[in-house]
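These notes concern the structure reproduced below.
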Amino acid sequence: MQELAKGANVALAALSESVDSVMVGLNWSSPTGEGDADVSVLLLNSDGKVRSDADFYFYNNPVAQDGSVQLLGKTPTQDGSQDRIGFDLTAISAEVTRIVVAASRYEGAHFGELENLRLTLADGIGTDLVGFTITDTGPMSAFIFGELYRRDGAWKFRAVGQGYGSGLAGLATDFGVDIDDDAGDEAPAPAEQTTQEPVRAQVPAPRQAVAAQRPARPRTAKKKVTLPKAPRRSLADNDSWREARLFPVSALKSDRDREARATSVLLSVMAQIPEFGRRLTAAFGAPAGRMETFTEVTLPHGDTPRRPDGVIRVERAGKLWTALVETKTNGNALKSEQVQAYMDIAARRGYEAVITLTNDVELEGSPLVDVKIDGRRKHKVALRHLSWAEVAHQAQMLIQHEGVNDAAHAWLLRELLHYLQHENSGCHGFQNMGAAWVPVRNGIDDETLCQGDPRALEVVESWERLVRQVCLRLGGELGHKVLPVQRTRRGTDPAARRALLADQLCADGRLGAELRIEGTPGVLALTADLRTGRLRTSIEIPAPTQGYPLSWAKRLVRRLAEAPADLHVETLLEGGAGGPRSTLERLRPEPGNMLPTGNIPVAAFRLSLLKTMGSTRGNAESSFIRSVDEAVHRFQRSVVAHLE
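Using the numbering used here, the first residue of the sequence shown is number 14, and each one after it goes up by one.
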């Protein structure tokens, strides 16, 4: 790792070949064990200002919608804590020329009270590249640790170490952010009288699961708690006995029962586990504060009172943020008129958002329901969507990979995850390719599907929803960020892009997608050929820049010792020409057979697996959805995992 002095800079490409995504860690420790700070990130244009307030990422805006910036939270270290920020540099807009990484303290505290201030930068595979230690802090309440910036089309890093006495607000204001000061705002008006008292969502947890009220910022040096990977020995007499669960599913008989149970289970766990509730609401504009959740809420609406499935309220600095929640399970669709009524109620009562929660995955430019926004109202209400797959993903990331601060919280998350994944809960995520799936397949088989057919567009949208859900599930299992790759120019209209993909489906009968898995050497490509009924998963690995080609081939075969024998290996030559092709079974005794004759330079190796795809549109064993999910997970486990 290269140590930098204050003001020094270095080109990332000179340090590693895997700098499409990087991880920045900010470390500090406190002699008293109580000190802490909050990280922030600003994306700046050529004028040195943010393009809008959305380019300012901090505890109230921790994640970019395109995945380019993610504040991943704190993890304990041996002498303090580390706050991590993930950057996908390939997703950063070309308008952004600098990325400022900073931290700030609060309530009169300053960085002179902290010790061991240090920044580290790692590449996409986790190798530490740069270190920068800050020693001259002084009475500064905000600090710029470093910045990433573009130079001649390539990314560089500079160690800054600049302090601000005016705190986070002063730092942000200097870069063009409009700061809303809560101190001068009036207290919110009392809520209108409802026809029924709200009932707070409850968790029937045992005594040890009821955690004491925590301070606004708990000690970050506290050890994270995760559940053991190996299951403990059961005391049951035989395998037919079932462990008692906190959230039972056996009594669920109707869709209404499933919706009511799922809503209460989720909202209660969100209120009990602050970091989990924060993950699910931060992207919707909710502040970091005390959260309370309610079910069985009745609100006036003309002559007919409405009963949303739930309400979320967050209090911070004397102000309330409130959202109505409408839940659907078991693949049931949202009703436009019902959501419209909730939007009207929220606007009238001064609520900030309406959150819909269903099995479906919302796409950019393709909302699940059409509602009218009253532009005449001063108070604007946001319509937000959350899928059950995203809820399970966030629970899985916390419980299996990042950990939580309390053993009871870890147990609660495990119970929630068990409930969501149970077949009777109805919270299974996207599970139906839609009514157009069979007609489109038949049209491709008999070559009667014409470009411009709206059914092809429906299939493309269903395919995109499926791919996004596969990314969530795979990312939850691996503990890494998994995102779909969009090979289109930034700013392209999503509807126009999907129309083009629909025309391509009509022409060649194929659906394609690419998945970027953090920490892997390439992009996982997925192709569904509806003409042949086969799924292809593949990845291209760049050829090493040093060493002998025969050594590359032998090393690759050794890494793939546990891969399936029918894995296809194709050598790609410089200039785009194709080279030798074979199966892993044939290459194991003679790895040199994958190399071209002569002295032709090798550019990359493409590894592929083929699988018969399911045909039905639902989520049964023979379904297309199930086969795609299994194909991606099998390829990652048996091939990609050995290439990291």
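All residues carry an ideal CB built from backbone N, CA and C; glycine is no exception.
Here the structure is a predicted model, which is why all the values come from computation and not from measurement.
query = Do T306 and G323 have their C-beta atoms closer together than 8 Å?
reply = Counting from one through the sequence shown, the residue named residue 306 turns up at place 293. Counting from one through the sequence shown, the residue named residue 323 turns up at place 310. Closer than 8 Å, so yes.
Exposed unless 16 or more other CB atoms sit within 10 angstroms - verdict on G80 = Your numbering for residue 80 matches position 67 in the sequence shown. Flag for G80 reads buried.
task = Take every Cβ of the segment 573-588, pair it with every Cβ of the segment 49-63, and state whether three or more of those distances are shorter than 8 Å.
result = Because the criterion of three Cβ pairs below 8 Å is not met, the segment 573-588 and the segment 49-63 do not touch.
ask   = Are the beta-carbon atoms belonging to L396 and V367 less than 8 Å from one another?
value = Mapped onto the sequence shown, residue 396 falls at position 383. Mapped onto the sequence shown, residue 367 falls at position 354. Yes. Within cutoff.
inquiry  = Measuring alpha carbon to alpha carbon, tell me which residue in D579, E477, G627, P602 is nearest V652.
reply    = Numbered from 1 along the sequence shown, position 639 holds the residue referred to as residue 652. Relative to V652, the option among D579, E477, G627, P602 whose CA is nearest is D579.
L293 vs Q407 beta-carbon contact at 8 Å = Within the sequence shown, the letter at position 280 stands for residue 293. Within the sequence shown, the letter at position 394 stands for residue 407. Yes, Cβ-Cβ distance for L293 and Q407 is below 8 Å.
ask   = In the structure shown, what three-state DSSP assignment does Y355 receive?
value = As a working note, residue 355 is residue 342 in the sequence shown. DSSP places Y355 in helix when its eight states are reduced to three.
task = Taking the CB atoms as reference points, tell me whether G522 and I613 lie closer together than 8 Å.
result = To locate residue 522, count along the sequence shown from 1; it is residue 509. To locate residue 613, count along the sequence shown from 1; it is residue 600. Cβ distance not < 8 Å, so G522 and I613 don't count as in contact.
task = Could you please give me the residues that DSSP links to A24 through a beta bridge?
result = The sequence position of residue 24 within the sequence shown is 11, counting from 1. A24 pairs with K169.
ask   = Under the three-state reduction of DSSP, which class applies to K332: helix, strand or coil?
value = On the sequence shown, position 319 is the one that residue 332 refers to. Strand.
inquiry  = Our contact map puts E471 next to G442 with C-beta atoms below 8 Å; I'd like the distance itself, whole angstroms only.
reply    = Along the sequence shown, read from residue 1 onward, the residue named residue 471 stands at position 458. Along the sequence shown, read from residue 1 onward, the residue named residue 442 stands at position 429. Incorrect: roughly 19 Å between the Cβ atoms, too far for contact.
ask   = Just curious, the beta strand (DSSP E) that L259 is in, first and last residue?
value = In the sequence shown, residue 259 corresponds to position 246, counting from 1. L259 -> no beta strand (DSSP E), and no H or E assigned at all.
query = Taking C-alpha atoms, which residue in W565, A116, M36, P467 lies nearest to A617?
reply = Numbered from 1 along the sequence shown, position 604 holds the residue referred to as residue 617. For A617, the nearest C-alpha among the options comes from W565.
task = Find the nearest neighbour of A185 within the set R97, F69, E643, judged by alpha-carbon distance.
result = Position 172 of the sequence shown holds residue 185. Residue F69 is the option with its Cα nearest to A185.
key: Given E126 as reference, the closest of V109, G189, S42, L514 once Cα atoms are compared   = The residue given as residue 126 occupies position 113 in the sequence shown. Check the Cα spacing between E126 and each of V109, G189, S42, L514: the tightest is with S42.
key: Whole-number beta carbon distance between S349 and D383, since they are thought to touch under 8 Å   = On the sequence shown, position 370 is the one that residue 383 refers to. On the sequence shown, position 336 is the one that residue 349 refers to. About 6 Å separates the two Cβ atoms, so the contact holds.
ask   = How big is the Cα-Cα spacing for L462 and V451?
value = Position 449 of the sequence shown, counted from the first residue, corresponds to residue 462. Position 438 of the sequence shown, counted from the first residue, corresponds to residue 451. Going by the C-alpha atoms only, they are around 12 Å apart.
request  = Please work out which residues of its chain come closer than 6 Å, Cβ to Cβ, to G525, disregarding the five sequence neighbours upstream and downstream, and give them in chain order.
outcome  = Taking the sequence shown and counting its residues from 1, the one referred to as residue 525 is at position 512. Only T540 meet the Cβ criterion.
key: Buried versus exposed call for D101 [16 or more other C-beta atoms within 10 Å across all chains shown]   = As a working mapping, residue 101 is identified with position 88 in the sequence shown. Counting Cβ neighbours within 10 Å, D101 comes out buried, since at least 16 surround it.
task = Note down the Cα distance separating S475 from S379, rounded to an integer number of angstroms.
result = Start at 1 with the first residue of the sequence shown, and residue 475 comes out as number 462. Start at 1 with the first residue of the sequence shown, and residue 379 comes out as number 366. Straight-line measurement puts the Cα of S379 at about 11 Å from the Cα of S475.
task = Kindly indicate which residue of V82, V109, D51, P507 has the alpha-carbon position closest to the one of R118.
result = Against the sequence shown, residue 118 aligns to sequence position 105. For the residues V82, V109, D51, P507, the minimum Cα distance to R118 belongs to D51.
Option in I105, D316, R547, V453 with minimal Cα separation from P467 = Position 454 of the sequence shown, counted from the start, is the residue given in the question as residue 467. The candidate whose alpha carbon is nearest that of P467 is V453.
request  = Give the straight-line distance between the Cα atoms of R246 and S253, rounded to the nearest whole angstrom.
outcome  = Working through the sequence shown from its first residue, we reach residue 246 at position 233. Working through the sequence shown from its first residue, we reach residue 253 at position 240. Answer to the nearest angstrom: the Cα atoms are 15 Å apart.
Nearest-angstrom Cβ-Cβ length linking A301 and N74, presumed shorter than 8 Å = Within the sequence shown, numbered from 1, the residue matching residue 301 stands at position 288. Within the sequence shown, numbered from 1, the residue matching residue 74 stands at position 61. For A301 against N74, the beta-carbon gap comes to about 10 Å, at or over 8 Å, which does not count as contact.
A299 versus G290: straight-line alpha-carbon distance, rounded = For the purposes of this step, residue 299 is taken as residue 286 along the sequence shown, with counting starting at 1. For the purposes of this step, residue 290 is taken as residue 277 along the sequence shown, with counting starting at 1. A straight-line Cα-Cα distance of about 10 Å links A299 and G290.
task = With a threshold of 16 other CB atoms inside 10 Å of the CB of M14, please say whether the residue is buried or exposed.
result = Numbered from 1 along the sequence shown, position 1 holds the residue referred to as residue 14. Counting Cβ neighbours within 10 Å, M14 comes out exposed, since fewer than 16 surround it.
task = With DSSP as the reference, label D642 as helix, strand or coil.
result = As a working mapping, residue 642 is identified with position 629 in the sequence shown. Three-state result, D642: helix.
query = Which one of A360, I192, V23 has the shortest CA to CA distance from G144?
reply = Within the sequence shown, the letter at position 131 stands for residue 144. Selected option, being the one with the closest Cα: V23.
Where S400 sits in the DSSP three-state scheme = By one-based count along the sequence shown, residue 400 stands at place 387. If DSSP states are grouped into helix, strand and coil, S400 belongs with the strands.
message = Here's the rule I'm using: 16 or more other beta-carbon atoms within 10 Å means buried, otherwise exposed. How should E108 be labelled?
response = As a working mapping, residue 108 is identified with position 95 in the sequence shown. With fewer than 16 other Cβ atoms within 10 Å, it is exposed.
ask   = Which residues bound the beta strand (DSSP E) around H431?
value = As a first step, residue 431 must be located in the sequence shown, where it is residue number 418. Run containing H431: none in the beta strand (DSSP E); it sits in the alpha helix (DSSP H), 420-434.
key: Three-state secondary structure assigned by DSSP to L57   = In the sequence shown, counting from the first residue as 1, residue 57 sits at position 44. When secondary structure is reduced to three states using DSSP, L57 falls in the strand class.
ask   = Taking the alpha-carbon positions, what's the E272 to K393 distance?
value = In the sequence shown, the residue the question calls residue 272 occupies position 259. In the sequence shown, the residue the question calls residue 393 occupies position 380. Going from the Cα of E272 to the Cα of K393 covers about 28 Å.
inquiry  = I'd like the list of long-range same chain contacts for R164, defined as Cβ closer than 8 Å, with 5 residues on each side in sequence excluded.
reply    = Reading the sequence shown from its first residue, position 151 is the one you call residue 164. The residues are A24.
ask   = Taking all protein chains shown into account, do 16 or more other C-beta atoms lie within 10 angstroms of the C-beta of G38, making it buried, or fewer, making it exposed?
value = Against the sequence shown, residue 38 aligns to sequence position 25. For G38, the number of other beta carbons within 10 angstroms of its own is at least 16, and it is reported as buried.
ask   = Quick one: Cα of P684 to Cα of A77, how far?
value = Look at the range of the chain in this structure, 14 to 657, and you will see that residue 684 is not part of it.
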